[in-house]
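Worksheet: the structure to be examined is printed underneath.
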Amino acid sequence: MTTRATTKLALLSIVLALAGPGVALADPPAACWPVATLAGRPGEVAKHRPGPADQVAVPQATLVSVAAASPGSGVVRRVVPAGGRKLVALTFDLCEGSGEVAGYDGAIVDRLRALKVPATFFMGGRWAQSHEERAMQLLADPLFEIGDHTYDHADLAHADASRIDIEIARTEAVIGGLAERIEKACPAAGSLPKTRLFRFPYGACGTEGPAAVRAAGLVPIQWDVVSGDPSGVAAAPMARGVLGEVKPGSIIVMHANGRGRHTAEALATIIPQLRARGYEFVTVSDLMASGRPETALACFIEHPGDTAKYDHPKAAPAKMNGAGAAPAPSSE
Numbered sequence: 001m002t003t004r005a006t007t008k009l010a011l012l013s014i015v016l017a018l019a020g021p022g023v024a025l026a027d028p029p030a031a032c033w034p035v036a037t038l039a040g041r042p043g044e045v046a047k048h049r050p051g052p053a054d055q056v057a058v059p060q061a062t063l064v065s066v067a068a069a070s071p072g073s074g075v076v077r078r079v080v081p082a083g084g085r086k087l088v089a090l091t092f093d094l095c096e097g098s099g100e101v102a103g104y105d106g107a108i109v110d111r112l113r114a115l116k117v118p119a120t121f122f123m124g125g126r127w128a129q130s131h132e133e134r135a136m137q138l139l140a141d142p143l144f145e146i147g148d149h150t151y152d153h154a155d156l157a158h159a160d161a162s163r164i165d166i167e168i169a170r171t172e173a174v175i176g177g178l179a180e181r182i183e184k185a186c187p188a189a190g191s192l193p194k195t196r197l198f199r200f201p202y203g204a205c206g207t208e209g210p211a212a213v214r215a216a217g218l219v220p221i222q223w224d225v226v227s228g229d230p231s232g233v234a235a236a237p238m239a240r241g242v243l244g245e246v247k248p249g250s251i252i253v254m255h256a257n258g259r260g261r262h263t264a265e266a267l268a269t270i271i272p273q274l275r276a277r278g279y280e281f282v283t284v285s286d287l288m289a290s291g292r293p294e295t296a297l298a299c300f301i302e303h304p305g306d307t308a309k310y311d312h313p314k315a316a317p318a319k320m321n322g323a324g325a326a327p328a329p330s331s332e
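Here's what the structure looks like:
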């Protein structure tokens, strides 16, 4: 936990106790934070190198025994909704590698809230530690659901089951700890749901990966529509690409950690146009409950084998003493 985040958490309870009428709304997360603090702030979207106030300790966690996720195998790429329902899931990765502090794209979250669009955020453990207040706001918001995106966006293409267990355990320790703190500081948030979804960094996994994730009680989720937002593509072509690929049951991958450089602007086109076509936005869990998941045994971005450019077979897991992780590629 950072010193800055500890101070913010302490202030949260004081603010909630002292806030006057009209400062907070009736439903979480606005019941747990003054409304003005929920909006995105200038400068949050940019990544930066960590300073002394940004240092975090890697959780010393082990995987808690849980029932394996079932039924199914492999990774979920999309869902075929029953009755031909036109459902679509927006997903946003919140990842952060070692040696950086990634951003928070408040413009994306603000737009989703303003338009009442459910979405799923795949949150990395290190990102959640660096952005505790924002992570808790997302956790407390019933419009959103949170998935596990590993601790520090490690490349798991060559990882065995034990390594994957470590990544899941560390991330679940961070997210679960934040959820407990919300429940204690703000009873209005209620009992927050446990994380039940997982996304492999870089869309890459090895032969043991999907089964290991399911054995840990999570469902591995990929996508069938790639926004391409980390590449810096402008909003208009991004929106055209997404709108041209979406079908009922699609899962769209985007980023909200500052690497979706024009994502908020593209959403201003994507959301109303999909609604005009009769689409309904849902979380990934609700999408999966609506019909039959389509799965693949191998992980890939758009085509089998296209994650090879991210392969780093010698990448090591973060040390348990909090000294950090081996250098990794950027968190995209």
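So for the sequence shown, the UniProt record's numbering puts the first residue at 1; every next one is plus one. For glycine and all other residues, C-beta sits at the position ideal for the given N, C-alpha and C. Only a predicted model underlies this, so the values are computations on that prediction, with no experimental measurement involved.
Quiz item: Around the Cβ of G125, are there at least 16 other Cβ atoms within 10 angstroms (buried) or fewer (exposed)?
Solution: Position 125 of the sequence shown holds residue 125. Result: buried.
Self-check item: Supposed contact pair D105 and V45 - C-beta distance, whole angstroms, cut 8 angstroms
Solution: Along the sequence shown, read from residue 1 onward, the residue named residue 45 stands at position 45. Along the sequence shown, read from residue 1 onward, the residue named residue 105 stands at position 105. Indeed they touch by this definition, with Cβ atoms about 5 angstroms apart.
Quiz prompt | Residue burial classification, R134 (beta-carbon count within 10 angstroms, cutoff 16) | solution = Taking the sequence shown and counting its residues from 1, the one referred to as residue 134 is at position 134. Under this definition R134 is a buried residue.
Quiz item: With A268 and R111 assumed to form a contact (beta carbons below 8 angstroms), what rounded beta-carbon distance in angstroms separates them?
Solution: In the sequence shown, residue 268 corresponds to position 268, counting from 1. In the sequence shown, residue 111 corresponds to position 111, counting from 1. Confirmed, about 7 angstroms.
Quiz item: Should residue 337 and I182 be called a contact, given that it needs their Cβ atoms to be closer than 8 angstroms?
Solution: Residue coverage of the chain in this structure runs from 1 to 332, which leaves residue 337 outside it and unanswerable.
Quiz prompt | Span separating the alpha-carbon of P210 from that of V76 | solution = Position 210 of the sequence shown, counted from the first residue, corresponds to residue 210. Position 76 of the sequence shown, counted from the first residue, corresponds to residue 76. Straight-line measurement puts the Cα of V76 at about 10 angstroms from the Cα of P210.
Quiz item: How far does the alpha helix (DSSP H) with L138 in it reach, from first residue to last?
Solution: Start at 1 with the first residue of the sequence shown, and residue 138 comes out as number 138. Segment E132 to A140, the alpha helix (DSSP H) holding L138.
Quiz item: Rounded to a whole number of angstroms, what is the C-alpha to C-alpha distance between G249 and K47?
Solution: Taking the sequence shown and counting its residues from 1, one reaches residue 249 at position 249. Taking the sequence shown and counting its residues from 1, one reaches residue 47 at position 47. Using only the alpha carbons, I get a separation of about 33 angstroms.
Exercise. Keeping to the same chain, check which residues put their C-beta closer than 8 angstroms to that of L178; ignore five residues upstream and five downstream.
Key: Taking the first residue of the sequence shown as 1, we reach residue 178 at position 178. Answer for L178: A128, E132, A135, M136 and L139, listed in chain order.
Quiz item: Should R292 go down as buried or exposed, given a rule of 16 or more other Cβ atoms within 10 Å for buried?
Solution: The residue you call residue 292 lines up with position 292 of the sequence shown. R292 should be labelled exposed.
Exercise. Rounded to whole angstroms, what's the CA-CA distance from E265 to A234? Just pull it up for me.
Key: Taking the first residue of the sequence shown as position 1, residue 265 is located at position 265. Taking the first residue of the sequence shown as position 1, residue 234 is located at position 234. For E265 and A234, the distance between alpha carbons rounds to 9 angstroms.
Quiz item: In three-state DSSP terms, what is P81?
Solution: The residue you call residue 81 lines up with position 81 of the sequence shown. Collapsing the DSSP output to three states places P81 in a strand.
Quiz item: Does the Cβ of E167 have 16 or more other Cβ atoms within 10 Å, making it buried, or fewer, making it exposed?
Solution: Residue 167 sits at position 167 when you count from the first residue of the sequence shown. That one is buried.
Quiz item: In whole angstroms, what is the alpha-carbon distance linking S290 and A82?
Solution: To locate residue 290, count along the sequence shown from 1; it is residue 290. To locate residue 82, count along the sequence shown from 1; it is residue 82. Approximately 6 angstroms, taken between the alpha carbons.
Exercise. For P180, count neighbouring Cβ atoms within 10 angstroms of its own Cβ and tell me buried if that reaches 16, exposed if not.
Key: One-based indexing of the sequence shown puts residue 180 at position 180. In the sequence under discussion, the amino acid at residue 180 is Glu, which differs from the Pro named in the question. E180 should be labelled exposed.
Quiz item: Just how far apart, CA to CA, sit V282 and F122?
Solution: As a position in the sequence shown, residue 282 is number 282, starting the count at 1. As a position in the sequence shown, residue 122 is number 122, starting the count at 1. Each residue's Cα considered, the two are about 15 angstroms apart.
Practice problem: With DSSP as the reference, label E100 as helix, strand or coil. | Solution: Taking the first residue of the sequence shown as 1, we reach residue 100 at position 100. Of the three classes helix, strand and coil, the one that applies to E100 here is coil, per DSSP.
Quiz prompt | V101 and S130 closer than 8 angstroms at C-beta | solution = The sequence position of residue 101 within the sequence shown is 101, counting from 1. The sequence position of residue 130 within the sequence shown is 130, counting from 1. A contact, by the Cβ cut-off of 8 angstroms.
Quiz item: Would you call A26 buried or exposed, if buried means 16 or more other Cβ atoms sit within 10 Å of its Cβ?
Solution: On the sequence shown, residue 26 is found 26 positions in, with the first residue counted as 1. Here the model assigns A26 a pLDDT of 41, short of 50, so the residue's position is not dependable and the matter cannot be decided.
Quiz item: Along the chain, where does the alpha helix (DSSP H) that runs through V284 open and close?
Solution: For the purposes of this step, residue 284 is identified with residue 284 of the sequence shown, where counting begins at 1. Going by DSSP, V284 is part of the alpha helix (DSSP H) stretching over V284 to A289.
Self-check item: I146: first and last residue of the uninterrupted alpha helix (DSSP H) it sits in
Solution: Counted from its first residue, the sequence shown places residue 146 at position 146. That residue, I146, is in no alpha helix (DSSP H); its beta strand (DSSP E) goes F144 to D148.
Self-check item: L156 and I164 closer than 8 angstroms at C-beta
Solution: To locate residue 156, count along the sequence shown from 1; it is residue 156. To locate residue 164, count along the sequence shown from 1; it is residue 164. In contact: L156 and I164 (Cβ atoms closer than 8 angstroms).
Practice problem: Please state whether DSSP places A235 in a helix, a strand or coil. | Solution: Taking the first residue of the sequence shown as 1, we reach residue 235 at position 235. Here A235 sits in helix by DSSP.
Exercise. Can you check the stretch 186 to 235 for any beta strand (DSSP E) of at least 3 residues that lies completely inside it and give the ranges in chain order?
Key: none
Quiz prompt | Identified DSSP bridge partners for L94 | solution = Locating residue 94 in the sequence shown gives position 94, counting from the first residue. As DSSP reads the structure, L94 sits in a beta bridge with M123.
Quiz item: Can you give the Cα-Cα distance for M238 and V117, rounded to whole angstroms?
Solution: On the sequence shown, residue 238 is found 238 positions in, with the first residue counted as 1. On the sequence shown, residue 117 is found 117 positions in, with the first residue counted as 1. The alpha-carbon atoms of M238 and V117 are separated by roughly 19 angstroms.
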